[in-house]
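One structure is given below, encoded as C-alpha cells.
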Amino acid sequence: MTSMLLSSTSPPQIFHNIRTSQPISHLHLFRTACLAPLPCRSRLIRCAASTTAADSGSTRELKQGIAELYDQSSAVWEDIWGDHMHHGFYDPDEVAPGSGPDHRAAQFRMIQEALCFAGVSEDPEKGPKTVVDVGCGIGGSSRYIARKYGAKCQGITLSPFQAQRANALAATEGLADKVSFQVADALEQPFPDGQFDLVWSMESGEHMPDKRKFVGELARVAAPGATIVIVTWCHRVLGPSEESLQPWEIKHLKKICDAYYLPDWCSTADYVNLLESLSLQDIKTADWSQYVAPFWPAVIRSALTWKGLTSLLRSGMKTIRGALVMPLMIEGYRKGLIKFAIITCRKPE
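Heads up, the sequence shown is in the working numbering, so the first residue is 17 and it goes up one at a time.
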C-alpha cells in the first residue's frame with residue numbers, strides 16, 4: 017500500500033470520514049455453501065494497461081516503488097493484522113449489535129470462499145498438489161493451502177523483506193518442506209510452462225502494469241486442467257454508451273494509484289476478455305464488494321490506535337502516505353467506482 021504527496025488530512029479527519037458498517041458477531045471458519053457467481057458484462061472495454069506495454073523506465077520505477085512499499089509496511093501489517101495481507105470476507109447476515117467482526121477469521125474466510133467459488137475440492141485427496149502464489153505477501157495463503165491440501169507451494173513477490181519473512185514463517189511453522197518464496201516478477205515468472213495445478217493471485221493484479229502479460233503468465237505456468245484464481249481490485253464496468261470513466265472517477269483513482277503504486281485500473285469485463293482471448297474455460301466472476309465493506313474502516317481504526325500510530329511513524333513515509341488515502345478506498349466502494357472482484361477459470365486439458 018502507498019506513495020502519494022502527503023495530503024492535509026489529519027488522523028481525526030480520517031476517522032471522521034469513516035462510514036461505519038454493521039458489525040458482524042462471528043465468522044465461521046467452516047463454510048456450508050459457497051456463493052454463486054454474478055453475471056459479468058463481456059463487452060470489450062479498452063484498457064491501456066492491458067493492451068499496451070508500459071514504458072520500461074516507468075515500469076522499473078513502479079516495481080521499485082512496490083518493492084520498497086512492502087519492504088517498509090509488511091512488518092507493521094503483520095504486527096497489527098497478522099500474516100494475511102488481504103481483505104477479509106464478512107457475511108452481512110451475521111450481525112450482533114455491539115460487537116465487532118473477527119477480522120483475522122474474515123481473512124481466512126476470504127481464502128476459503130475463493131477456493132470454493134473456483135470449484136476447488138474440499139477433499140485434500142482431490143485438491144491441488146502444486147501451487148504458485150503470485151504476489152504472495154508474507155505467505156499466508158500458501159501456508160493455508162499447503163496445510164489444507166498437503167500441496168507444494170511456491171510464492172513470488174517483488175519485496176525482498178516479504179520473501180525472507182515468508183520463508184522464516186514457513187520454517188517456524190514446520191512447513192519449509194512444503195512452501196518456499198522468492199523475489200520474482202509476476203510478469204516474468206521463473207517457472208517452466210504447465211507446472212502448477214492451482215495458480216493463485218490474491219490482491220496482486222492491481223499492481224500489474226500490463227494486465228495482458230499478467231494473465232498470459234498465469235495461463236502459461238498453469239498445467240492443463242489447472243484452476244486459476246484472481247482476486248483483485250477493479251473499477252466498475254462501463255455502460256453500453258460509455259467510452260471511459262467519468263472525470264471525477266479518473267481523478268479519484270489517480271490519487272489511489274499514486275499512493276499505492278498502482279498502474280491504470282481495469283474492469284472485470286477487461287479480465288474476462290483477456291481470459292477469453294487465451295481460450296481459457298469455465299470463466300466465472302463475482303463482485304464481492306459488499307462482503308469486504310468492513311475492511312477499510314477497520315484498518316483505519318487500527319491505524320488510529322496508539323500501537324498503530326507509533327508503528328506507522330516507525331515504518332516510514334510510504335506507509336504513512338498510504339494510510340492517509342485509505343478513506344478514498346471507502347468512498348470508492350460506497351460510490352460504486354471500486355469493485356472487489358474475483359475471477360476464476362480453468363486451463364483446457
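Glycine is no exception: its CB is placed at the ideal position from the N, C-alpha and C atoms.
Being a predicted model, the structure only gives us computed values, none of them experimental.
Cutoff 7 Å; reference residue i; Cβ partners in own chain excluding five residues on either side
| i | result |
| --- | --- |
| Leu290 | Ser66, Lys227, Arg228 and Val231 |
| Gly352 | Arg252 |
| Leu78 | Pro225, Tyr277 and Pro279 |
CB contact flag (residue i, residue j, <8 Å)
| i | j | result |
| --- | --- | --- |
| Val237 | Gln198 | no |
| His251 | Leu278 | no |
| Gly241 | Arg76 | no |
| Ile266 | Ile359 | no |
| Ala192 | Ala200 | no |
| Val136 | Gln170 | no |
| Arg120 | Gly153 | no |
| Gln180 | Ser90 | no |
| Ala202 | Glu222 | no |
| Phe207 | Ala239 | no |
| Val308 | Ser217 | no |
| Pro343 | Ser295 | no |
| Ile161 | Lys323 | no |
Same chain, Cβ closer than 8 Å to residue i, neighbours up to 5 away in sequence not counted
| i | result |
| --- | --- |
| Thr36 | Low confidence applies here, because Thr36 scores a pLDDT of 33, under 50, leaving its location unreliable and the question unanswered by this model. |
| Met4 | In the structure as shown, the chain starts at 17 and stops at 365, and residue 4 therefore has no counterpart that could be examined. |
| Asp298 | Gly135, Thr360, Cys361 and Arg362 |
| Glu189 | Arg159 |
| Asp303 | Leu54, Thr284, Lys355, Phe356 and Ala357 |
Residue i - partner residues in DSSP beta bridges
| i | result |
| --- | --- |
| Gly171 | Asp149 and Phe197 |
| Asp303 | Ala357 |
| Met218 | Val247 |
| Phe230 | Its beta-bridge partners do not exist; DSSP assigns none. |
| Arg362 | Thr243 and Gln297 |
| Phe212 | Ala238 |
| Ser283 | His251 |
Alpha-carbon to alpha-carbon, residue j and residue i
| i | j | result |
| --- | --- | --- |
| Thr248 | Ala83 | 18 Å |
| Lys194 | Ser260 | 45 Å |
| Ser175 | Gln128 | 25 Å |
| Glu138 | Pro225 | 34 Å |
| Thr243 | Thr321 | 40 Å |
| His42 | Cys282 | Residue placement at His42 is flagged as unreliable, the pLDDT there being 31, under the threshold of 50; the coordinate-derived value follows with that caveat. Going by the C-alpha atoms only, they are around 33 Å apart. |
| Ser220 | Ala357 | 12 Å |
| Ala366 | Asn183 | The structure shown does not extend to residue 366, since the chain spans only 17 to 365, so no value can be given for it. |
| Arg317 | Trp93 | 13 Å |
| Thr301 | Asp107 | 19 Å |
| Glu141 | Phe133 | 19 Å |
| Ile172 | Gly255 | 36 Å |
| Gly380 | Ile336 | Because the chain spans 17 through 365 in this model, residue 380 falls outside it and cannot be assessed. |
| Pro263 | Asp274 | 17 Å |
| Ser74 | Asp280 | 13 Å |
| Asp432 | Tyr165 | Nothing can be reported for residue 432, as the shown portion of the chain is limited to 17 through 365. |
| Thr326 | Ala319 | 9 Å |
| Asp209 | Ser72 | 25 Å |
| Ser293 | Ala235 | 11 Å |
| Pro144 | Ser257 | 42 Å |
| Val315 | Gly81 | 22 Å |
| Ser305 | His103 | 10 Å |
| Leu131 | Val215 | 11 Å |
N-terminal and C-terminal residue of the alpha helix (DSSP H) that residue i is part of
| i | result |
| --- | --- |
| Asp95 | Ser72 to Trp97 |
| Gln178 | Pro176 to Thr188 |
| Leu254 | Note, Leu254: premise wrong, no alpha helix (DSSP H); not H, not E. |
| Glu347 | Met342 to Arg350 |
| Glu129 | His119 to Phe133 |
| Asp274 | Pro263 to Tyr276 |
| Ile154 | Per DSSP, Ile154 belongs to no alpha helix (DSSP H) and is neither H nor E. |
| Ala314 | Phe311 to Ala319 |
Own chain, CB closer than 6 Å to residue i, minus 5 neighbours either side, in chain order
| i | result |
| --- | --- |
| His100 | Gln123 and Gly156 |
| Pro55 | Note that Pro55 scores a pLDDT of 38, beneath 50, so its modelled location is shaky; the value from the coordinates is reported in the next line. Same-chain partners within the cutoff: there are none. |
| Phe105 | Ala122, Arg125, Met126, Glu129 and Tyr307 |
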